[in-house]
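Have a look at the structure below, then the notes.
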Amino acid sequence: MSAELWNSAAVVLETNWSGDHMVPSRRLYPHQWSWDTAFIAIGLAYVNPGRAWRDLRSLFEAQWPDGRVPHIVFDPATAEADYFPGPAFWGVPAYGARPANGSTGIVQPPLHAVAAWKVYRRASAHGAACVQEARAELEWLYPRLVAQQDYLTTRRNLGGAGLASIVHPWESGLDNSPAWDAAMAGVPADLSLLTTYRRRDLDVADAAHRPTDRDYSRYVGLVLSYRAESYSDTDLLSRHDFAVECPSFNAILGAAELALAQIAGVLGRTAEAAVHRERAHRITDAIVARLWDPRSRTFHARDLRTGTLSPARCVSGLMPLLLPDLPAEQVEGVLAEARSARFGFPAPSYDRTAADFDTMRYWRGPVWINVNWLLRRGLLVHGLRDEAEELRAAMVRLVHQHGHFEYFHPATGEGLGAPTFSWTAALALDLLADRSVPAYARAA
Numbered sequence: 004m005s006a007e008l009w010n011s012a013a014v015v016l017e018t019n020w021s022g023d024h025m026v027p028s029r030r031l032y033p034h035q036w037s038w039d040t041a042f043i044a045i046g047l048a049y050v051n052p053g054r055a056w057r058d059l060r061s062l063f064e065a066q067w068p069d070g071r072v073p074h075i076v077f078d079p080a081t082a083e084a085d086y087f088p089g090p091a092f093w094g095v096p097a098y099g100a101r102p103a104n105g106s107t108g109i110v111q112p113p114l115h116a117v118a119a120w121k122v123y124r125r126a127s128a129h130g131a132a133c134v135q136e137a138r139a140e141l142e143w144l145y146p147r148l149v150a151q152q153d154y155l156t157t158r159r160n161l162g163g164a165g166l167a168s169i170v171h172p173w174e175s176g177l178d179n180s181p182a183w184d185a186a187m188a189g190v191p192a193d194l195s196l197l198t199t200y201r202r203r204d205l206d207v208a209d210a211a212h213r214p215t216d217r218d219y220s221r222y223v224g225l226v227l228s229y230r231a232e233s234y235s236d237t238d239l240l241s242r243h244d245f246a247v248e249c250p251s252f253n254a255i256l257g258a259a260e261l262a263l264a265q266i267a268g269v270l271g272r273t274a275e276a277a278v279h280r281e282r283a284h285r286i287t288d289a290i291v292a293r294l295w296d297p298r299s300r301t302f303h304a305r306d307l308r309t310g311t312l313s314p315a316r317c318v319s320g321l322m323p324l325l326l327p328d329l330p331a332e333q334v335e336g337v338l339a340e341a342r343s344a345r346f347g348f349p350a351p352s353y354d355r356t357a358a359d360f361d362t363m364r365y366w367r368g369p370v371w372i373n374v375n376w377l378l379r380r381g382l383l384v385h386g387l388r389d390e391a392e393e394l395r396a397a398m399v400r401l402v403h404q405h406g407h408f409e410y411f412h413p414a415t416g417e418g419l420g421a422p423t424f425s426w427t428a429a430l431a432l433d434l435l436a437d438r439s440v441p442a443y444a445r446a447a
């Protein structure tokens with residue numbers, strides 16, 4: 004099984020390479036996506052480490068002067084008509100050496116420092132020459148990764164409590180998760196926008212698997228709102244209809260600081276490493292203070308416009324397990340949630356017992372390999388090796404039996420969404436190859 008899965012994953016990554024970056028999948032996603040790039044680099048390092056570094060560089064070459072890393076970097080060789088919302092819709096002005104309309108104006112979870120550290124560790128197993136090259140890549144990436152973190156923890160600290168806010172569901176990476184339903188209820192749903200701006204995802208994907216038109220009209224409206232002020236974050240909370248503190252996004256933000264501490268150590272930046280560790284601790288404290296619900300004993304998204312926690316129990320609520328300083332009460336609660344009938348291994352994107360659990364529709368029920376990869380990492384961080392191995396084996400079995408799909412039916416395992424999906428293939432390689440634990444893991 005291992006050799007067959009390894010070879011098929013390598014073929015997917017070869018198929019989706021586009022010269023200087025990887026696309027998630029040829030038909031539905033013809034550009035470069037931000038957090039996809041991080042997941043992909045982790046696995047790509049096993050079969051082509053040069054491409055893994057190049058993919059990360061390609062993304063960060065599009066970093067904005069304020070530090071934000073755009074959620075899509077557009078391929079100029081792809082026609083506007085081939086993807087919506089495309090470059091012209093976003094209308095991003097030229098910045099730095101980048102031409103106008105080269106990227107989007109929103110972000111995605113900052114997993115890139117974790118990816119860079121994983122790629123470096125892979126290189127370190129292959130001799131001094133590889134280590135030297137990898138160190139040079141870290142030297143180039145490090146200040147850019149720090150700038151990304153600074154942007155998210157300052158300009159996007161809309162709630163003032165030390166957490167980054169997302170201002171569009173797409174920024175979470177969990178696009179139509181029920182975690183956003185309560186906050187999205189306050190966003191106008193102007194269906195006429197879908198007459199002006201036609202969806203193109205339904206040309207190549209089953210409508211039953213994708214966000215509804217009502218949700219999509221809200222997504223378009225939120226982009227138009229943010230675009231109207233040139234994607235400025237100044238006074239955003241007072242003029243924008245969606246601002247949420249997401250437990251998954253912020254857990255990754257904290258994990259990135261821990262990875263940056265490792266990177267800073269390799270680069271001889273001892274003082275900076277200590278700063279990164281302290282920042283990770285503060286982010287962990289803020290997640291517990293702001294997003295933990297003692298009644299449900301799990302983490303929930305906070306709507307900054309109302310101050311309330313979402314009632315939905317989503318896979319995003321399990322992600323703070325990534326943080327080694329998470330207190331025992333919260334670790335126990337998240338583990339109980341993960342093991343319960345609501346989730347189980349591999350975890351679906353939403354509570355299996357909820358009345359509106361949807362086995363087919365994107366982030367409202369299906370199983371995704373990337374968040375389960377993160378959950379496994381969290382289990383390893385807390386010394387839960389048996390549970391981590393159970394989850395690893397379940398993911399490997401799922402992909403081997405059903406293919407490298409974007410996501411999977413939570414009951415049957417049927418592959419859903421885009422086929423030949425890059426992060427599924429890349430993470431399959433990592434699951435096959437790497438049984439190690441993060442350097443900052445707690446002792447078992």
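Numbers 4 to 447, taken from the numbering used here, label the letters of the sequence shown in order. All residues carry an ideal CB built from backbone N, CA and C; glycine is no exception. The structure presented is a predicted model; accordingly, all values stated were derived computationally and were not measured.
Nearest Cα to H24 within the set A414, V14, L47 and G108: L47. Restricting attention to alpha helix (DSSP H) runs no shorter than 4 residues, the region 226–302 encloses them at 239–242, 250–269 and 273–294, ordered along the chain. For the region 315–358, the continuous alpha helix (DSSP H) assignments of 4+ residues that do not extend past its boundaries occur at 331–342, in sequence order.
Below 8 Å, too few C-beta pairs join the region 56–67 and the region 167–175 to call them touching: fewer than three. If you check the CB distance, V247 and R305 come in under 8 Å. Taking R367 as the centre and dropping the five residues before and after it, the same chain places the C-beta of N179, S180, P181, S352, Y353, D359, F360 and D361 closer than 8 Å to its C-beta, in chain order. DSSP, read as helix, strand or coil, puts Y98 in strand. The shortest CA-to-CA distance from P102 to any of Y123, A118 and W67 is the one to W67.
Distance check between S425 and each of A391, L307, A12 and E7 places A12 closest, using alpha-carbon atoms only. One thing to note: L240 has its Cβ no nearer than 8 Å to the Cβ of V223.
Within the DSSP bridge table, the entry for V76 names Q35 and S106 as partners. Look at R380 here: in three-state DSSP terms it is helix.
Counted as a single uninterrupted DSSP element, the stretch harbouring V190 is not any alpha helix (DSSP H), since DSSP gives it neither H nor E. With a cut-off of 8 Å on Cβ pairs, the region 402–420 is not in contact with the region 230–238, counting fewer than three such pairs.
Take A208, set aside five residues on each side of it, and the residues of its chain with a beta-carbon closer than 8 Å to its own are L31, G420 and A421, in chain order. Burial state of G418 is buried, judged by a 10 Å Cβ sphere holding 16 or more other Cβ atoms. Put simply, of E281, A254, A444 and P52 the residue whose alpha carbon is nearest the alpha carbon of A119 is P52. Per DSSP, E142 is one residue of the alpha helix (DSSP H) stretching across A131 to T157.
If you look at R30, you'll find it isn't in any alpha helix (DSSP H); DSSP assigns it neither H nor E. Contact annotation: V72 and Q151 have beta-carbon atoms nearer than 8 Å.
Of the residues E392, L329, L321 and P349, the one whose Cα lies closest to the Cα of L338 is L321. Counting the other Cβ atoms within 10 Å of the Cβ of P191 gives fewer than 16, which makes it exposed. The way I'd put it, the region 257–264 does touch the region 278–297; three or more beta-carbon pairs between them come closer than 8 Å. Just so you know, the alpha carbons of R364 and A210 end up roughly 9 Å apart. DSSP places T427 in the uninterrupted alpha helix (DSSP H) bounded by S425 to A436.
A straight line joining the alpha-carbon of I43 with that of L141 spans about 17 Å. Residue pairing of G163 in beta bridges, as defined by DSSP: absent, with no partner found. Collapsing the DSSP output to three states places V370 in a strand. Taking C-beta atoms as the reference points, A391 and R379 count as a pair closer than 8 Å. Counted as a single uninterrupted DSSP element, the stretch harbouring T415 is not any alpha helix (DSSP H), since DSSP gives it neither H nor E.
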